[in-house]
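Undergrad: Its first residue numbered 1, the sequence shown is counted upward by one per residue in full-length UniProt numbering.
Glycine residues also receive a C-beta, built at the ideal position from the N, C-alpha and C atoms.
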Amino acid sequence: MRIDDTRPIWIQLADAFRARIMNGTWKPGAKIPSVRDLAIEAGTNPNTVQRALATLDDEGLTIPKRTAGRFVATDDKALHALRRDDARAAADTYVRTCLALGIDRESAHSLVDEHWNSDS
């Protein structure tokens with residue numbers, strides 16, 4: 001896990017953990033590694049990891065169980081919302097870039113269709 005000095009560590013960890021859920025590394029219903037293990041992996045304080053995981057709890061992506069640990073939520077509403085928000089942000093960036101380059105709507109749509117149907 002790469003940590004940089006540009007943003008608070010707990011936010012970077014929350015982003016990394018969120019990505020693990022989004023890409024399926026941590027599957028719905030799966031037990032998440034312990035705070036201590038994640039802290040060792042990240043080379044950071046367990047309290048920092050706990051703060052990052054609490055953020056995912058608040059977002060509905062993870063569920064803490066008092067004596068059993070923390071698990072990835074099985075209700076995928078939060079995951080779908082997160083994916084939709086990320087896609088919306090990517091679309092916003094794409095549209096702004098196209099506008100800045102002088103690309104019209106039809107051409108921008110054609111580019112999306114071209115890439116959507118390609119192997120890349």
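Enumerate in chain order the residues of its own chain whose CB-to-CB distance from T48 is below 6 Å, with the five nearest sequence positions on each side excluded.
TA: Within the sequence shown, residue 48 is the residue found at index 48, counting from 1. Around T48: I9 and W10.
Undergrad: What number of angstroms, rounded off, separates the C-alpha of A81 from the C-alpha of M22?
TA: One-based indexing of the sequence shown puts residue 81 at position 81. One-based indexing of the sequence shown puts residue 22 at position 22. If I take the Cα positions, the gap works out to 11 Å.
Undergrad: Starting from the C-beta of K65, find all residues in its chain whose C-beta is less than 7 Å away, skip the five residues before and the five after it, and write them out in chain order.
TA: Working through the sequence shown from its first residue, we reach residue 65 at position 65. Only F71 meet the Cβ criterion.
Undergrad: Give every residue of the same chain whose Cβ lies closer than 6 Å to the Cβ of P46, excluding the five residues on either side of it in the sequence, and list them in chain order.
TA: As a first step, residue 46 must be located in the sequence shown, where it is residue number 46. Taken in chain order, the residues that qualify are V35, R36 and A39.
Undergrad: Going along the chain, which residues of its own chain have a beta-carbon closer than 6 Å to the beta-carbon of C98, five neighbours each way excluded?
TA: Translated into the one-based positions of the sequence shown, residue 98 becomes position 98. Taken in chain order, the residues that qualify are A108.
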